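*Asks:*
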Amino acid sequence: MFRNEDIKLLQALIQKNLLKNEDISKLDVTEKKSILAAGITNTLIKYLKINEVDLAKIIAEEFNIAYLSSVAGLSHVEIPGLPNDTLPRYRILPIILENKEMTVAFVDPPSQKHIDQLEKAANLRLVPVIVTYSTFQKLLKPKRKDSKAVDVSKLNLETIDVVQQGEKWAETADSIPNFPAATEVLTRIIEQALEVDTSDIHFEPTAKGYLKIRFRIDGVLQRIVTLPNVLKSTLPMILKQNATVDAFKKQQIQEGYIKFTVGENKIHARINIIPTNFGDKFTLRILTISLNVLKLEELGLSQHDTNRFKHLLTYPDAIILFVGPSGCGKTTTMYSYLEEMNDDSMNIATVENPIECVIDNINQTTAGSGQKISYSEGIRALFHHDVDLLSLGELRGKDESELLIEAGLTGMIACSTVQASDAIKSLYRIRNLGVNEEDLALVLRGVVGQRFVRKICPDCTEKYRPDSETLKLAGLINLPEDILFSRGKGCKTCLGTGYLGRIPLFEILLVNDTISSLIHKGSTYEEIKMAAQRFGFTTLKYDGLRKALAGITTLEEVNRVT
Numbered sequence: 221m222f223r224n225e226d227i228k229l230l231q232a233l234i235q236k237n238l239l240k241n242e243d244i245s246k247l248d249v250t251e252k253k254s255i256l257a258a259g260i261t262n263t264l265i266k267y268l269k270i271n272e273v274d275l276a277k278i279i280a281e282e283f284n285i286a287y288l289s290s291v292a293g294l295s296h297v298e299i300p301g302l303p304n305d306t307l308p309r310y311r312i313l314p315i316i317l318e319n320k321e322m323t324v325a326f327v328d329p330p331s332q333k334h335i336d337q338l339e340k341a342a343n344l345r346l347v348p349v350i351v352t353y354s355t356f357q358k359l360l361k362p363k364r365k366d367s368k369a370v371d372v373s374k375l376n377l378e379t380i381d382v383v384q385q386g387e388k389w390a391e392t393a394d395s396i397p398n399f400p401a402a403t404e405v406l407t408r409i410i411e412q413a414l415e416v417d418t419s420d421i422h423f424e425p426t427a428k429g430y431l432k433i434r435f436r437i438d439g440v441l442q443r444i445v446t447l448p449n450v451l452k453s454t455l456p457m458i459l460k461q462n463a464t465v466d467a468f469k470k471q472q473i474q475e476g477y478i479k480f481t482v483g484e485n486k487i488h489a490r491i492n493i494i495p496t497n498f499g500d501k502f503t504l505r506i507l508t509i510s511l512n513v514l515k516l517e518e519l520g521l522s523q524h525d526t527n528r529f530k531h532l533l534t535y536p537d538a539i540i541l542f543v544g545p546s547g548c549g550k551t552t553t554m555y556s557y558l559e560e561m562n563d564d565s566m567n568i569a570t571v572e573n574p575i576e577c578v579i580d581n582i583n584q585t586t587a588g589s590g591q592k593i594s595y596s597e598g599i600r601a602l603f604h605h606d607v608d609l610l611s612l613g614e615l616r617g618k619d620e621s622e623l624l625i626e627a628g629l630t631g632m633i634a635c636s637t638v639q640a641s642d643a644i645k646s647l648y649r650i651r652n653l654g655v656n657e658e659d660l661a662l663v664l665r666g667v668v669g670q671r672f673v674r675k676i677c678p679d680c681t682e683k684y685r686p687d688s689e690t691l692k693l694a695g696l697i698n699l700p701e702d703i704l705f706s707r708g709k710g711c712k713t714c715l716g717t718g719y720l721g722r723i724p725l726f727e728i729l730l731v732n733d734t735i736s737s738l739i740h741k742g743s744t745y746e747e748i749k750m751a752a753q754r755f756g757f758t759t760l761k762y763d764g765l766r767k768a769l770a771g772i773t774t775l776e777e778v779n780r781v782t
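Numbering (this note's numbering), first residue to last: 221 to 782.
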């Protein structure tokens with residue numbers, strides 16, 4: 221009478237004091253037969269008066285399956301190969317089909333046997349979710365014939381924003397006729413992100429059960445919309461199904477990649493998932509897959525730094541690092557370096573994840589997370605391919621860092637990006653990864669550091685005199701009163717921010733014998749900085765002040781990032 225899954229559920233209910241052994245024994249013959257006909261969930265709700273929401277959550281918890289609190293905008297999806305007409309009788313209903321995965325709603329605890337049978341019949345991976353009995357009944361209702369498809373491009377996110385519409389509205393959002401489906405909302409979020417040149421999209425569960433969406437625009441996070449609870453489960457589920465992560469896993473750290481097609485645009489993004497006390501948080505880093513590499517003169521380097529950059533192109537063997545915080549454009553600069561080195565006399569190879577820019581005449585390999593080969597395996601393999609210049613997407617661990625150093629020691633030019641706040645601090649970052657200081661000092665020839673600042677909006681620029689505290693923070697003491705700076709007043713073009721677009725600040729550390737000796741000895745940050753400045757090194761702040769005086773950015777921006 222009872223399946224193994226039913227027994228496991230009953231034991232969990234007894235442990236949680238929601239049920240007693242005698243309650244089950246008191247069921248009459250008709251009630252016991254209903255378990256076979258209508259399922260364990262319906263029997264527990266109908267005859268033993270178990271709260272259906274509590275029951276669904278316990279099933280999800282005990283069987284490690286996601287609980288779907290709302291199915292607003294979802295309906296029965298017919299899957300080729302499945303007995304779509306008979307599945308509802310067994311409280312099973314496919315509700316989402318994305319790529320090679322189908323999300324299937326269950327009322328009763330699903331058995332692995334059923335999951336395997338459905339996957340085999342549909343030739344798709346199955347992601348089970350648990351819904352309440354009444355929610356399942358809603359899914360069975362056919363769509364209204366007069367309902368119209370939503371034009372995603374016209375979907376105004378403010379109409380489903382809890383902040384705009386109020387919390388009372390949010391409580392009844394799942395009953396709103398023609399409420400947009402999660403797929404439509406997600407598509408509009410991605411569209412809007414592209415419209416304002418967003419670098420990162422944050423999907424954050426809140427304490428009140430909402431899903432807050434924030435964009436990083438020109439380096440600054442901005443709230444875009446706070447979605448009601450009805451979308452908190454379905455939208456992240458669609459993200460997981462489209463990404464190279466495990467859709468079955470919940471409350472676990474994951475990293476992967478995701479692709480979207482929005483109109484004629486194909487969007488690539490890195491996806492990171494981390495559990496919080498209110499649910500999984502998702503962060504998407506938009507990756508610009510480009511066929512064009514910025515030329516050296518297009519990077520935004522001063523003439524002084526351009527000359528220093530060109531010096532990096534002269535080494536026959538070296539380690540060159542491109543450093544800065546996440547999203548600062550260091551990969552773009554490294555691509556420019558590769559293109560400057562690119563000619564028929566050079567065998568250039570890269571190990572990346574993903575390949576962000578396709579460069580002719582360069583052998584590019586995808587490796588790392590979600591790929592069949594690791595970074596380390598990719599680097600080791602290239603040691604046997606007569607490589608002149610080896611580029612690694614990012615240094616993260618000791619193994620690949622040591623291999624990059626080995627490449628430099630064996631006569632190659634090797635380059636990579638490193639997350640560090642500035643050029644000199646990257647030396648300590650590499651050391652913390654476990655690289656021997658003596659080896660690093662022998663092969664390191666240059667470090668290009670950079671950070672983004674926001675550019676002043678050209679449509680609302682005005683001259684002004686910064687206050688004394690701002691000037692002091694920038695190191696500009698006793699500045700003549702007649703020297704003015706620029707800022708944006710705020711207008712429609714820049715959405716009232718006074719800024720439009722970004723530009724990088726640069727600093728280029730050239731490692732000569734003096735600097736190499738200091739690295740070898742483990743000298744302090746200030747010792748290396750002072751020595752480097754004697755040989756022409758200028759800091760990020762210096763480049764920022766130069767660009768602030770030129771009216772490109774504001775003094776406040778320079779102080780913010782340096």
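Beta carbons are placed, not taken as given, at the ideal position from N, Cα and C, and that holds for glycine.
The structure presented is a predicted model; accordingly, all values stated were derived computationally and were not measured.
Figure out for me which residue from I579, G544, P545, C548 has the closest Cα to the Cα of Y557.
*Replies:* Walking along the sequence shown from the start, residue 557 turns up at place 337. It is I579.
*Asks:* By alpha-carbon positions, which one of V673, N583, R671, I625 ends up nearest to I650?
*Replies:* Here residue 650 refers to the residue found at position 430 when the sequence shown is read from its first residue. When only C-alpha atoms are compared, the closest one is I625.
*Asks:* For a quick check, are the C-beta atoms of S453 and L288 less than 7 Å apart?
*Replies:* What you label residue 453 is simply residue 233 of the sequence shown in a count that begins at 1. What you label residue 288 is simply residue 68 of the sequence shown in a count that begins at 1. It is a contact, given that the beta carbons lie within the stated cut-off.
*Asks:* If you follow the beta strand (DSSP E) that I432 is part of, which residue opens it and which one closes it?
*Replies:* To locate residue 432, count along the sequence shown from 1; it is residue 212. Rather than Ile, the amino acid found at residue 432 in this sequence is Lys. 431 to 437 is the span of the beta strand (DSSP E), which, as asked, contains K432.
*Asks:* Per DSSP, what kind of secondary structure is R685 in: helix, strand or coil?
*Replies:* As a working note, residue 685 is residue 465 in the sequence shown. In this structure, R685 counts as coil in the three-state DSSP scheme.
*Asks:* Based on Cα-Cα distance, which residue from V663, E424, Q461 lies nearest to V445?
*Replies:* Numbered from its first residue, the sequence shown carries residue 445 at position 225. The shortest Cα separation from V445 among V663, E424, Q461 belongs to E424.
*Asks:* Excluding five sequence neighbours on each side, which residues of the same chain lie with their C-beta closer than 8 Å to the C-beta of M566?
*Replies:* Position 346 of the sequence shown, counting from 1, holds the residue named residue 566. Only D608, L609 meet the Cβ criterion.
*Asks:* What runs of the alpha helix (DSSP H), each 4 residues or longer, lie entirely inside the segment 612 to 689?
*Replies:* If we require 4 residues or more, the alpha helix (DSSP H) runs fully inside the segment 612 to 689 come out as 618 to 629, 645 to 652, 657 to 663.
*Asks:* With a 10 Å radius around its C-beta and 16 neighbouring C-beta atoms as the bar for buried, classify M750 as buried or exposed.
*Replies:* Sequence index remark: in the sequence shown, residue 750 carries index 530 (1-based). So M750 ends up on the exposed side.
*Asks:* Helix or strand or just coil, what does DSSP make of K428?
*Replies:* As a working note, residue 428 is residue 208 in the sequence shown. Looking at K428 - three-state DSSP - the assignment turns out to be coil, as it is neither helix nor strand.
*Asks:* Can you check the segment 314 to 357 for any beta strand (DSSP E) of at least 3 residues that lies completely inside it and give the ranges in chain order?
*Replies:* Entirely contained in the segment 314 to 357, the beta strand (DSSP E) runs reaching 3 residues are, in chain order, 321 to 326, 345 to 350.
*Asks:* Is L307 closer than 7 Å to M322 when the C-beta atoms are compared?
*Replies:* Counting from 1 along the sequence shown, the entry for residue 322 is found at position 102. Counting from 1 along the sequence shown, the entry for residue 307 is found at position 87. Taking 7 Å as the Cβ cut-off, M322 and L307 do not qualify as a contacting pair.
*Asks:* Where does K550 fall in DSSP's three states?
*Replies:* In the sequence shown, residue 550 corresponds to position 330, counting from 1. Three-state DSSP puts K550 in a helix.
*Asks:* Considering only C-alpha positions, which residue in the set E622, Q337, F542 is nearest to P642?
*Replies:* Residue numbering aside, residue 642 sits at position 422 when the sequence shown is read from its first letter. One detail in the question is off: residue 642 reads as Asp in this sequence, not Pro. Considering only alpha carbons, the answer is F542.
*Asks:* Measuring alpha carbon to alpha carbon, tell me which of V513, A538, Q442, N562 ends up nearest K550.
*Replies:* Here residue 550 refers to the residue found at position 330 when the sequence shown is read from its first residue. If we check each option's Cα against that of K550, V513 comes out closest.
*Asks:* Pull up the DSSP beta-bridge partners for Y477, would you.
*Replies:* By one-based count along the sequence shown, residue 477 stands at place 257. Answer is R490.
*Asks:* Flag this pair as touching only if the segment 263 to 274 and the segment 294 to 304 have three or more C-beta atom pairs under 8 Å; answer yes or no.
*Replies:* Segments in contact, no.
*Asks:* Within 10 angstroms of the Cβ of N779, are there 16 or more other Cβ atoms? Answer buried if so, exposed if not.
*Replies:* The residue you call residue 779 lines up with position 559 of the sequence shown. By the neighbour-count rule (16 or more Cβ atoms within 10 Å), N779 is buried.
*Asks:* Quick check on DSSP: helix, strand or coil for A538?
*Replies:* Your numbering for residue 538 matches position 318 in the sequence shown. Strand.
*Asks:* Around the Cβ of K470, are there at least 16 other Cβ atoms within 10 angstroms (buried) or fewer (exposed)?
*Replies:* Within the sequence shown, numbered from 1, the residue matching residue 470 stands at position 250. Buried is the call here.
*Asks:* Between which two residues does the beta strand (DSSP E) harbouring P724 extend?
*Replies:* Taking the first residue of the sequence shown as 1, we reach residue 724 at position 504. Start and end: 719 to 730.
*Asks:* How long is the line joining the alpha carbons of P397 and R600, rounded to whole angstroms?
*Replies:* If you number the sequence shown from 1, residue 397 lands on position 177. If you number the sequence shown from 1, residue 600 lands on position 380. Each residue's Cα considered, the two are about 58 Å apart.
*Asks:* Determine the DSSP secondary structure at N485, reduced to helix, strand or coil.
*Replies:* Within the sequence shown, numbered from 1, the residue matching residue 485 stands at position 265. Reduced to three states, the DSSP call for N485 is strand.
*Asks:* Excluding sequence positions up to five away, which residues of its chain have a Cβ less than 6 Å from the Cβ of S367?
*Replies:* Walking along the sequence shown from the start, residue 367 turns up at place 147. Per-residue confidence for S367 stands at a pLDDT of 40, beneath the threshold of 50, marking its modelled position as unreliable; the derived number appears in the next sentence. Only N398 meet the Cβ criterion.
*Asks:* Thinking C-alpha only, which one of A325, Q591, Q332 is nearest Q357?
*Replies:* As a working note, residue 357 is residue 137 in the sequence shown. Checking every option, the nearest Cα to that of Q357 belongs to A325.
*Asks:* What does the alpha-carbon distance come out to for the pair H605 and S743?
*Replies:* Here residue 605 is taken as the residue at index 385 of the sequence shown, counted from 1. Here residue 743 is taken as the residue at index 523 of the sequence shown, counted from 1. Going from the Cα of H605 to the Cα of S743 covers about 37 Å.
*Asks:* Would you report the Cα separation of V382 and E404, rounded to the nearest angstrom?
*Replies:* Here residue 382 refers to the residue found at position 162 when the sequence shown is read from its first residue. Here residue 404 refers to the residue found at position 184 when the sequence shown is read from its first residue. Each residue's alpha carbon lies about 17 Å from the other.
*Asks:* If you draw a straight line from the C-alpha of E272 to the C-alpha of I487, how long is it?
*Replies:* For the purposes of this step, residue 272 is identified with residue 52 of the sequence shown, where counting begins at 1. For the purposes of this step, residue 487 is identified with residue 267 of the sequence shown, where counting begins at 1. E272 and I487: Cα-Cα distance of roughly 40 Å.
*Asks:* For S419 and P724, what's the separation of their Cα atoms in angstroms?
*Replies:* Here the question's residue 419 lines up with position 199 in the sequence shown. Here the question's residue 724 lines up with position 504 in the sequence shown. Whole-angstrom Cα-Cα distance: 15 Å.
*Asks:* Please classify V416 as buried or exposed, where buried requires at least 16 other C-beta atoms within 10 Å of its C-beta.
*Replies:* As a first step, residue 416 is located in the sequence shown; it is residue number 196 there, counting from the start. Answer is exposed; the Cβ neighbour count stays below 16.
*Asks:* Have a look at V372 and V731 and give me their C-alpha separation to the nearest angstrom.
*Replies:* Taking the sequence shown and counting its residues from 1, the one referred to as residue 372 is at position 152. Taking the sequence shown and counting its residues from 1, the one referred to as residue 731 is at position 511. Here V372 scores only 48 on pLDDT, less than 50, and its place in the model is too uncertain to base an answer on.
*Asks:* Anyone know if the C-beta pair for A463 and R665 falls short of 7 Å?
*Replies:* Taking the sequence shown and counting its residues from 1, the one referred to as residue 463 is at position 243. Taking the sequence shown and counting its residues from 1, the one referred to as residue 665 is at position 445. Their beta carbons are not under 7 Å apart, which means A463 does not touch R665 by this criterion.
*Asks:* Looking at the unbroken beta strand (DSSP E) that takes in N583, where does it start and where does it end?
*Replies:* Counting from one through the sequence shown, the residue named residue 583 turns up at place 363. Its beta strand (DSSP E) spans residues 583 to 586.
*Asks:* Looking at the structure shown, is H296 part of a helix, part of a strand, or coil, going by DSSP?
*Replies:* Start at 1 with the first residue of the sequence shown, and residue 296 comes out as number 76. It is coil, neither helix nor strand.
*Asks:* Check each candidate in P456, E777, I260, K340 and name the one with the smallest Cα separation from F468.
*Replies:* Start at 1 with the first residue of the sequence shown, and residue 468 comes out as number 248. Nearest of P456, E777, I260, K340 to F468, Cα basis: P456.
*Asks:* Tell me whether F705 sits in a helix, a strand or coil according to DSSP, three-state version.
*Replies:* Against the sequence shown, residue 705 aligns to sequence position 485. Note: F705 maps to strand in three-state DSSP.
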